[in-house]
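Going left to right, the sequence shown walks through residues -26 to -1, 1 to 222 as mature numbering (1 follows the signal peptide of the UniProt record, and there is no 0) numbers them.
C-beta: ideal position from N, C-alpha, C; glycine also.
Computed from a predicted structure; not experimentally measured.
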Amino acid sequence: MVVRMIVRFLIALAVAAAVNATPALAQTQGRRAETVVELYTSQGCTQCPRANRLLGMFSREDNVLALTFPVGIWDYLGWHDTFAQPEFAERQRSYSQTLRVRGRFTPQLVVNGARTISASDWDEARAIYEDQQRAGWPASAPDLSLTLLRNGRARATVGAGPAGVSADVWMLAYDPGPLTVVITGGVNRNRSVPHYNLVKWIERVGTWNGASVWHERPRCQPECAVIVQEPNGGRILAASYTHRPTRY
């Protein structure tokens, strides 16, 4: 009898320790984004340095996840974009198909995965941005949280939603910057091009079908974000991101 009581006591202690240890792992809690702005830009595009500055302006607004995705579609003009990645080009290509854009172009803004426009026209870009802010997230938007743990892992938790929905869960790391590159070739020769909220990598970590689910990734630095989005470049349903004071 005494032995069983001791065993039960030890089990209760272990369970309590496990429960209490979970909050201790938490290091940084992400904030929920009200709007997601993506800029597809290139160091070999004459209008892109100015568009990069527009993205920097969006990145300073409250509860806005503004992201820079460099693509290399102008590399053949004499300068290879130093930050372009195939995954970024594929994401832009998906938007072109879903939003029925004739081919890829730069500088391209995509807002909430629902509207796209050239970032060369700041007034119209701002109008579309404000329109999407007023519209808000769709009714199927789930609760979404992002936590960076002390062990270096990033955890995204997607709450329950309507049955039958289908969405992808993306995690990405970005550098707030600004990161400036001096271009020594191509059409922007001798120009210094700044990059704000530069995406370092993006990965589809899982799916969401309306049931509560969580996903983790080993590292997500220097800043981290999670996006729940309809498949194949569809509407963004929710987003969360970490944020530190900007350096500019």
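Opposing strand residues paired with residue i [DSSP bridges]
{"i": "I91", "result": "L83"}
{"i": "residue 257", "result": "Limits of the chain in this structure are -26 at one end and 222 at the other, which puts residue 257 out of reach."}
{"i": "T15", "result": "P44"}
{"i": "L118", "result": "V132"}
For residue i, the three-state DSSP class (helix, strand or coil)
{"i": "A57", "result": "Looking at the sequence provided, one finds Phe at residue 57 rather than Ala. It is coil, neither helix nor strand."}
{"i": "I47", "result": "coil"}
{"i": "L28", "result": "helix"}
{"i": "V(-24)", "result": "Residue confidence is low: V(-24) scores 45 on pLDDT, short of 50, so the model does not pin down where it sits. No coordinate-derived value is stated."}
{"i": "S214", "result": "strand"}
{"i": "T2", "result": "strand"}
{"i": "T20", "result": "coil"}
{"i": "R221", "result": "For R221, the pLDDT reaches just 49, beneath the cut-off of 50, and the residue's location in the model is therefore unreliable, leaving the point undetermined."}
{"i": "W96", "result": "helix"}
{"i": "P(-4)", "result": "Here the model assigns P(-4) a pLDDT of 47, short of 50, so the residue's position is not dependable, and the following value carries that caveat. If DSSP states are grouped into helix, strand and coil, P(-4) belongs with the helices."}
{"i": "R78", "result": "coil"}
{"i": "E209", "result": "Reading the sequence as shown, one finds Arg at residue 209 and not Glu. Here R209 sits in coil by DSSP."}
{"i": "A113", "result": "coil"}
Option in the options with minimal Cα separation from residue i
{"i": "P23", "options": "S119, G207, P81, E177", "result": "P81"}
{"i": "D49", "options": "E197, G160, G30, Y103", "result": "G160"}
{"i": "D95", "options": "E12, Q21, N183, E197", "result": "Q21"}
{"i": "L153", "options": "P44, V143, G4, L39", "result": "P44"}
{"i": "V155", "options": "W144, L172, G180, D142", "result": "L172"}
{"i": "T56", "options": "G18, R76, V139", "result": "G18"}
{"i": "P116", "options": "P150, Q203, P168", "result": "Q203"}
{"i": "L13", "options": "L211, V187, L83, E197", "result": "L83"}
{"i": "H169", "options": "V179, R108, I176, I157", "result": "I157"}
{"i": "N164", "options": "G110, E197, G52", "result": "G52"}
{"i": "S70", "options": "G184, N206, V11, T216", "result": "N206"}
Beta-carbon spacing of residue i, residue j below 8 Å
{"i": "A128", "j": "E35", "result": "no"}
{"i": "L146", "j": "T2", "result": "no"}
{"i": "Y148", "j": "F32", "result": "no"}
{"i": "W144", "j": "V200", "result": "yes"}
{"i": "N26", "j": "T15", "result": "yes"}
{"i": "A99", "j": "L28", "result": "yes"}
{"i": "S114", "j": "V139", "result": "yes"}
{"i": "P192", "j": "G126", "result": "yes"}
*What beta strand (DSSP E) runs, 3 residues minimum, are completely inside the stretch 120 to 206?*
128 to 132, 141 to 149, 153 to 156, 166 to 169, 172 to 182, 187 to 191, 197 to 203
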